[in-house]
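I have placed the structure first, in the form of structure tokens, so that the comments after it can refer back to it.
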Amino acid sequence: MKGSRTKERVVWTVISIFVLVYALFPVASILATSFKEPSDLTSGKFLPTNWSGVNYEEILVGDAQGLFLSSLWNSIGIALIATFIAVVLATLCAYAIARLDFPGKKLILTTALAVSIFPVISIVTPLFNLWRTIGLYDTWPGLIIPYLSLTLPISIWTLAAFFRQIPWELEQAAQVDGATTWQAFRKAIVPLAAPGVFTTAIIAFFIAWNDFVYGISLTSTEAARPVPAALAFFTGASQFEAPVGAISAAAIIVTIPIVLLVLLFQRQIVSGLTQGAVKG
Amino acid sequence: MASITLKNLVKQYGDGYPAVNNVSIDIADGEFIILVGPSGCGKSTLLRMIVGLEDITSGDLLINGERVNEKAPRDRNLAMVFQNYALYPHLTVFENIAFPLRLGKGKHTEDEIKRLVTDAARTLELTDHLERKPGNLSGGQRQRVAMGRAIVRHADAFLFDEPLSNLDAKLRGQMRSEISQMQRRLGVTSVYVTHDQTEAMTLGDRVAVLKKGVLQQIASPRELYEQPVNLFVAGFIGSPSMNFLPATLEGGVLKTAIGNIGISVDKATAAEGKRVVLVGVRPEYFEDASMVDDAKRPHGSTFTAELTHTEWLGNEQYGYINFDPDPEVRSLLDSLARDMDADELRPQIVVTLDAASRIRGGRPAELWLDTRRLHLFDPETGENLTRDAEAGAALTEEANTARAEEIANARGREGANA
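Sequences listed follow chains Y and R, in order.
Per UniProt numbering, the very first residue in the first sequence carries number 1; after that it's consecutive.
Per UniProt numbering, the very first residue in the second sequence carries number 1; after that it's consecutive.
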């Protein structure tokens, strides 16, 4: 019994290490590359010969600054607004789905699912034409609206699943304890729903932040171009120089907010706050 | 402290099905009322109507003589303990108990809240757990936190919705006696919903038996047990349940599948004119004929029957007799079983025998039946033909007096301690 447990542990450890290496090696490689000097790029070594910040300098204060910083600003703004709108709408929608019984409930969920599995690439071209006609092309709303179509379905699904687990009896208990309807919602339900809303917001933010197809197709200038699209427009110092170093540095910088978010809200994301409210 | 009056309460859902149908109950100040019945009988709905979580379709609900039909739950000043406790998982035990106090903004100072919560915690032996979260507590402790939230705010009445059904059997017994003692000590009006007979019989001053939303009988546990108003109450109260035996009445003698039973004149008169009656006999009305006192023997009748098997339990034993009823009676028994949540009522008689009895299954045995205590039921209406309303009322009156005394004693002790 004990032997098999140790064995099981070893197997799991090996699998975990394998998955970690598989997932993190590219990131480590990009990180190393971002510190290489241009001449060092083709050295074939994993680590840079000289650690240098020249790539970061270039995108933050150098030639590529205009391209990178404006796109960073676009990305942050567009992703945050899209996330906010998606979470607010999805919260209302999921609340209704979890709490109320109304005709068409199933239809909403299936439609949301259908939208989320719809291939993005097939609507990009019509959207491109439509946006140009109505003047949304290369604007923030022009990206926020399609991002909502990506973030809303998944937000509705995760939140509806989360809200279903909330013991709504608590709301009634609070009312009997002397709370108004609003107090009951705010003091008993919101603290329980918050982790779910947080998690959903983070997932939605990731989706909007990582999008490339809409970003490259529906923008043309720095007015709205997000980082993933902007990376494709980086050029080297001369036309014979590949911009690999600068792209790596930019990739690392856009990864940082995601890592920070996950670290900060780790507890909310994995939270088992609803445990203990009811039996079990 | 409050009295609660239910006047012709009706709860009808959208499809027109009445979950609660014309229920009237007067609950006196300090009384412990149990609502009991099989699942789907409307007992929980009735409780939720009292507390205000369900709308009242028609009828009046009065608390202390004041109509509260339209009042929101928070304005009724009632406390409720939910089946799965409904504790706030993000708050500590202290904050859970303090929750109702904090809602009344400015009503209590911080010191007052602290004092009230620690007092309640001491009563419930929760002092050591005040800083823990509900998730880390055992079932019994969670249950006590839920009670703490109720007692801390001096509500007019306590409502319990099957509060013990999530606990294991041993803890249930313990919590049952704690609830009972607490109720007596605080002398607070309580309404308690359960499907468990033991809880109903041991806790209640009066027990209301409901079936399909209709109140069947409300009386003290003893009256329900000894003078049930109809077949349903008779069969629902008591474990093992009452035996129902079809019989024809001929000149003061009941002809049944297990033999002839002579009954007293007044019982025979009550059932006069009925071709077939159902004889209701509790298992303990039977006895091994050889073990009956000579003084008692003339009050009953002796017959011979063959037991299929016996079960020895230490303090007593159960014997089983099979019989073959008419198809007509059989369908009646089946529908009765459905009403009581059982699959089918087997045409079987359970008898309780003295633990020392040598009667064993498979052989004919002499049994004695106490005919004074059996009841005759009308098989069509289910009505108890031999119910002695006066004797029943006397039993309930007795229970009321006992309750008043207990509360007075408890308050006297409280006064002496303070």
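The beta-carbon is built from N, C-alpha and C at its ideal position, and this holds for glycine as well.
- Between THR158 of chain Y and THR200 of chain Y, the CB-CB gap stays under 8 angstroms.
- Excluding residues up to 5 positions away in sequence, VAL10, LYS11 and GLN12 lie with their Cβ nearer than 7 angstroms to the Cβ of THR57 of chain R in the same chain.
- Taking CB atoms only, GLY16 of chain R has no neighbour in chain Y less than 8 angstroms away.
- Taking the CA atoms as reference points, LEU332 of chain R sits about 31 angstroms from ILE359 of chain R.
- The alpha carbon of GLY30 of chain R has as its nearest neighbour, out of R:LEU103, R:LEU186, R:GLY52 and R:GLU250, the alpha carbon of R:LEU186.
- Here the stretch 66 to 80 of chain Y does not lie against the stretch 39 to 53 of chain Y, with fewer than 3 beta-carbon pairs under 8 angstroms apart.
- With a beta-carbon spacing of about 6 angstroms, LEU203 of chain R and PHE32 of chain R fall inside the 8 angstroms limit used to define contacts.
- If you compare the alpha carbons of R:LEU278, R:ALA155 and R:LEU353 with that of ASN315 of chain R, the shortest gap goes to R:LEU353.
- In the DSSP assignment, TYR320 of chain R falls within the unbroken beta strand (DSSP E) covering 316 to 322.
- Taking the C-beta atoms as reference points, LEU367 of chain R is found nearer than 8 angstroms to PHE286 of chain R.
- Remark: C-beta atoms of ALA160 of chain Y and ALA98 of chain Y approach each other more closely than 8 angstroms.
- One Cα belongs to LYS211 of chain R, the other to ASP101 of chain Y, and the distance between them is close to 28 angstroms.
- The DSSP-derived three-state label of HIS108 of chain R is coil.
- When the Cα atoms are used, VAL253 of chain R and ALA295 of chain R turn out to be separated by approximately 22 angstroms.
- Within the DSSP bridge table, the entry for LEU367 of chain R names R:ASP288 and R:PHE303 as partners.
- DSSP lists R:ILE34 and R:PHE160 as the beta-bridge partner residues of TYR192 of chain R.
- If the five residues before and after GLY392 of chain R are omitted, its C-beta is found closer than 6 angstroms to the C-beta atoms of GLU223 and GLN227, all from its own chain and listed in chain order.
- Within 10 angstroms of the beta-carbon of TYR22 of chain Y lie fewer than 16 other beta-carbons, which makes it exposed.
- Taking a beta-carbon distance threshold of 8 angstroms, ARG176 of chain R does not count as an interface residue toward chain Y.
- Of the candidates R:GLU178, R:ASP196, R:HIS309 and R:TYR88, R:ASP196 places its Cα closest to the Cα of SER165 of chain R.
- In this structure, the alpha-carbon of TRP168 of chain Y lies about 36 angstroms from that of GLY238 of chain R.
- In the displayed model, PRO146 of chain Y falls within a helix according to three-state DSSP.
- Of the residues R:LEU231, R:THR194 and R:VAL145, the one whose Cα lies closest to the Cα of PRO246 of chain R is R:LEU231.
- Relative to the Cα of THR248 of chain R, the nearest Cα in the group R:ASN8, R:THR401, R:MET175 and R:ILE258 belongs to R:ILE258.
- According to DSSP, residue pairing for ARG67 of chain R in a beta bridge involves R:LEU62.
- About 17 angstroms separates the beta carbon of ALA82 of chain Y from that of TYR137 of chain Y, a gap too long to meet the 8 angstroms contact definition.
- Taken in chain order, the complete beta strand (DSSP E) segments of 3 residues or longer contained in the stretch 229 to 292 of chain R are 243 to 250, 253 to 256, 259 to 262, 276 to 281 and 286 to 288.
- The DSSP-derived three-state label of GLU58 of chain Y is helix.
- Cβ atoms of PHE234 of chain Y and ALA246 of chain Y come within 8 angstroms of each other, at about 5 angstroms.
- Per the Cβ contact rule, the stretch 275 to 291 of chain R is in contact with the stretch 363 to 382 of chain R (3 or more Cβ pairs under 8 angstroms).
- Beyond the five residues adjoining it in sequence on each side, ALA120 of chain R comes within less than 7 angstroms, by CB distance, of ILE97, GLY148, ILE151 and VAL152 in the same chain, given in chain order.
- Relative to ALA224 of chain Y, the option among Y:ALA32, Y:LEU31 and Y:SER75 whose CA is nearest is Y:SER75.
- Contact annotation for THR180 of chain Y against chain R: ARG74 [CB-CB distance below 7 angstroms, chain order].
- For VAL188 of chain R, the closest Cβ of chain Y is not nearer than 8 angstroms.
- Listed as beta-bridge partners of PRO18 of chain R by DSSP are R:GLN12.
- Sequence-ordered contacts of the stretch 176 to 202 of chain Y with chain R read VAL176, ASP177, GLY178, ALA179, THR180, GLN183, ALA188, PRO191 and LEU192 [C-beta pairs closer than 7 angstroms].
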